Amino acid sequence: MGKVRINNMLVYTYNGVMGEEKVLGQKLELDIELTLPLEEAGKTDDLHQTISYADVYTDVKTALESKSFDLIEAVTYYVLDILGEKYGDMLEQALVRTRKYHVPIAGFFDNVEIEMERDY
C-alpha cells in the first residue's frame, strides 16, 4: 500500500454563503491524499498501475471551476465523489483537505480548513 499526494493545490472558485463571494470569487487550497496499492507501479514503472496525479489535478480543477457551492464542506465532499467515480476501482481510501483564506468574519487567523476522508 502507498500514498499519492497533491499538496497545496490552488483553484479559483466562486464559492461561499455571502453574495460577494460568489461574484468576486476566491482561491481555495486543497490537499488530496490517495491510498492505493503502489507495489506494481514501483516494480514495473507502468503508469497504468497507479493513479496519475496529473489526471487527478485536472479532474478536480475542472470540476471545481465549473460548479459553485455555499460551503467548503460541500466542496470537499464533491471532490471525494469525483475521486470515487473516476478512480474508485484502484483506491483504498482518499483524504481531502480544503482551505479557505478569505473568510468574511471578523478575526485574525490564516484560514479555515475542512478535512474529510472516505474508504472505497
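Residues in the sequence shown are numbered from 444 upward in steps of one, following my numbering. For each residue, glycine too, the CB sits at the ideal point set by N, CA and C. Computed from a predicted model, the values in this text were never measured in an experiment.
Here the stretch 547–556 makes no contact with the stretch 524–532; the two share fewer than three CB pairs at distances below 8 Å. Residue pairing from DSSP places Q469 in a beta bridge opposite T456.
Within the stretch 503–544, the complete alpha helix (DSSP H) runs of at least 4 residues fall at 515–530. Its Cα nearest to that of E556, the residue L473 stands out among T505, L473, L453 and G459. Of the other Cβ atoms in all chains shown, 16 or more fall within 10 Å of the Cβ of L507; this residue is therefore buried. Here G531 has Y563 as same chain residues with Cβ atoms under 8 Å from its own Cβ, once five neighbours each way along the sequence are excluded.
CA-CA distance, E483 to D489, rounds to 8 Å.
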